[in-house]
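Okay, so the sequence shown: first residue is -14 according to our numbering, each after it adds one.
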Amino acid sequence: MEIIYFGKPYSFTHVAALRRFGENHKYVSSNTLTETIEMVALKPNATAVVPIENTTGGIIYDTVDILTTDKYLRSKLSILEELELHVRLFLLSKKPIKLSQVNKIYSHEYALKRADPWIKNHLPSGVEIERLVSTSEAAQLVKKAKYSCAIASSEAAGYYGLRKLKEIVIPGKRNLTRFFVIGINGNSKKRVL
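If you want it as structure tokens, here you go:
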């Protein structure tokens, strides 16, 4: 089966797909949520995994907007399953560096929102923040920067050859993201990963 996911390899959407379906499938990344849905609509034996809600960032309106368009509603696509992933964030760097040396952080806006209290308490006050399309894109960029870090998954650290400087732990409620598995017809199911 072909599984299409939003983001670069080892984005949290890719991680959720891997935990649900395992390694023995063909995984295809897409650059946008719209592209993800359009690709699965053309492939009857494929499924797509897209984020729908995060406990920190709330509803992912880009996904909702796509799923409520006339084009989607008239298609044969439906939501097959709902997945829930406990998201663990890590501060990643190319080489081991001290937290006091970090001058720039890359990540997705929801990860940055979740990590904001930790960033304020543990990193220099003038640290520059750059929002990107996905956490895995952030990990990819950090491979080329000396004192920059990404906030991304442990899996992204392994894939991109980065060091895990610290796990970003925020006391309080767990950081959960819900995903929809989309394909042609089927019965809805919910899985906790």
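Where a beta carbon is used, it is the ideal one built from N, C-alpha and C, also for glycine.
{"Item": "Based on the DSSP output, what are the partners of Ala31 in its beta bridges?", "Value": "Glu(-13)"}
{"Item": "Can you tell me whether Ser173 is buried or exposed, with buried defined as 16 or more other CB within 10 angstroms of its CB?", "Value": "At Ser173, the pLDDT of 48 sits below 50, so the modelled position is not reliable and the matter cannot be decided from this model."}
{"Item": "Can you tell me whether Asn172 is helix, strand or coil according to DSSP?", "Value": "Confidence in Asn172 is poor, its pLDDT being 49 and thus under 50, which makes the residue's placement unreliable; the coordinate value appears in the next sentence. Coil, per DSSP."}
{"Item": "Is Trp103 near the ligand ATP - that is, is its Cβ less than 6 Å away from at least one heavy atom of it?", "Value": "Only the bare structure without any ligand can be found here, which leaves the ligand ATP out of the picture."}
{"Item": "Could you give the uninterrupted runs of the beta strand (DSSP E) lying entirely in the region 103 to 167, keeping only those of 3 residues or more?", "Value": "113 to 117, 133 to 137 and 148 to 153"}
{"Item": "Report the partner residues of His71 according to the DSSP bridge assignment.", "Value": "Leu161"}
{"Item": "Does DSSP put Ile44 in a helix, a strand or coil?", "Value": "strand"}
{"Item": "Going by beta carbon distance, what residues of the same chain come within less than 7 Å of Pro(-6), once the five residues before and after it are set aside?", "Value": "Ser14, Ser121 and Tyr144"}
{"Item": "Can you find the residues in the same chain that come closer than 7 Å, C-beta to C-beta, to Ile153, ignoring five residues on each side of it along the sequence?", "Value": "Leu74, Phe75, Leu76, Ala100, Trp103 and Ile136"}
{"Item": "Measure the C-alpha to C-alpha separation of Glu94 and Ala123 and round it to an integer number of angstroms.", "Value": "11 Å"}
{"Item": "Under DSSP, the beta strand (DSSP E) around Val13 begins and ends at which residues?", "Value": "Lys11 to Ser15"}
{"Item": "Could you give the C-beta distance for His71 and Leu161, rounded to a whole number, given that I count them as a contact under 8 Å?", "Value": "6 Å"}
{"Item": "DSSP on Ser60, reduced to helix/strand/coil?", "Value": "coil"}
{"Item": "Give every residue of the same chain whose Cβ lies closer than 8 Å to the Cβ of Thr40, excluding the five residues on either side of it in the sequence, and list them in chain order.", "Value": "Lys158, Arg159, Asn160, Leu161 and Thr162"}
{"Item": "Quick check: the Cα distance between Lys151 and Lys61, rounded to an integer number of angstroms?", "Value": "44 Å"}
{"Item": "Could you tell me the boundaries of the alpha helix (DSSP H) in which Ile90 lies?", "Value": "Run containing Ile90: none in the alpha helix (DSSP H); it sits in the beta strand (DSSP E), Lys89 to His93."}
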